[in-house]
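Below: the structure, in structure tokens.
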Amino acid sequence: MPEALTVIVPLYNEEDNLKRVEKELSEYIKLAHVPTQVLFVNDGSKDNSQQLIEDICNANPDFKFISFEKNCGLSAAIKAGFDHVETTLTGYIDSDLQTDPMDFNLLLDNLDGYDLVTGYRNNRKDSFVKNMSSTVANGIRRTFTNDGMDDTGCPLKIIRTDYAKRIPMFRGLHRFLPAMILLQHGKIKQVPIKHFPRMAGTANFGVWNRLLGPLMDCFAYVWMKKKYINYKVAKKG
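Here you go:
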């Protein structure tokens, strides 16, 4: 099957960002190094996001959507995206567009020989508290997972879809995607990318989500690592 990319865009109450998402991802699709489409995952938004999503998808054949009955959280939205992707490659970007869709080409250029390539924001444009809590959380997570990644929360990733679909998801797992690829004996890589301040909307995650929550999730990961089943079929008749 020839390589193609589906970019998952999970969102919750992002009506102020969606027209910019449409514009920038439409521009990226024209310049993408592989055929690309977009999949919105509406995580039970209570604003006008759903209507805007439907308008965008009706106007653009490369844009599709799924919508939850109620808010389930970022990890659930990413999991739903993985479940519905049909292309060989799965991308992920946040709807706040603090990362540049054009950097997907940079990730694609580094994908050869790897099963996940993630960006890392080496010059983040966030508040001191947000940056510091993320730095501490990443240090704790690296201690538990030994994944060698500096910024697993970076919302710009490409994963080979067959690996993505085998990830056993749980709440908070979006911070552990590289580690979950390593559990499958996959290869991972990080690449520096651009980062921008949030231009519209409101962040949905506080210090608990960035620091204390990830610490608790690390213990869940350690348990999963001990119990994880991984096999390859040698013959089939």
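Mind the numbering: the sequence shown is residues 1 to 237 in UniProt numbering, read in order.
Heads up, the beta-carbon is just placed ideally off N, CA and C, and yes, glycines get one too.
By the beta-carbon neighbour count (other beta carbons within 10 angstroms, threshold 16), A234 is exposed. The three-state reading of DSSP puts N17 in coil, since its state is none of H, G, I, E or B.
Measuring C-alpha to C-alpha distances from P192 to each of F40, V117, L182 identifies V117 as the nearest.
The Cβ neighbour count for P10, taken over all protein chains shown within 10 Å, is at least 16; the residue is labelled buried.
When the Cα atoms are used, Y163 and D115 turn out to be separated by approximately 7 angstroms. Rounded to whole angstroms, A76 and G153 show a C-alpha spacing of 15 angstroms. The straight-line gap separating the alpha-carbon atoms of D47 and V7 is approximately 23 angstroms. Within the same chain, F68, K70, N71 come within 6 angstroms of G44 by CB-CB distance, once the 5 residues on both sides are set aside. Put simply, the segment 88-104 does not touch the segment 180-189. Fewer than three CB pairs are less than 8 angstroms apart. Note that the segment 33-44 touches the segment 52-68; at least 3 beta-carbon pairs, one per stretch, sit closer than 8 angstroms. Burial is judged here by how many other beta carbons sit within 10 angstroms of a residue's own beta carbon; V85 has at least 16 and is buried.
Each residue's CA atom was taken as its position, placing L5 and Q190 some 18 angstroms apart. One alpha carbon belongs to Q51, the other to L111, and they sit about 35 angstroms apart.
A direct Cα-to-Cα measurement between T87 and G172 gives close to 25 angstroms. Its Cα nearest to that of H33, the residue D103 stands out among C218, V222, D103, A179. The alpha-carbon separation between A80 and I167 amounts to approximately 12 angstroms. Exclusion of the five residues before and after F82 leaves A164, K165 as the residues of its chain whose Cβ lies within less than 6 angstroms of its Cβ.
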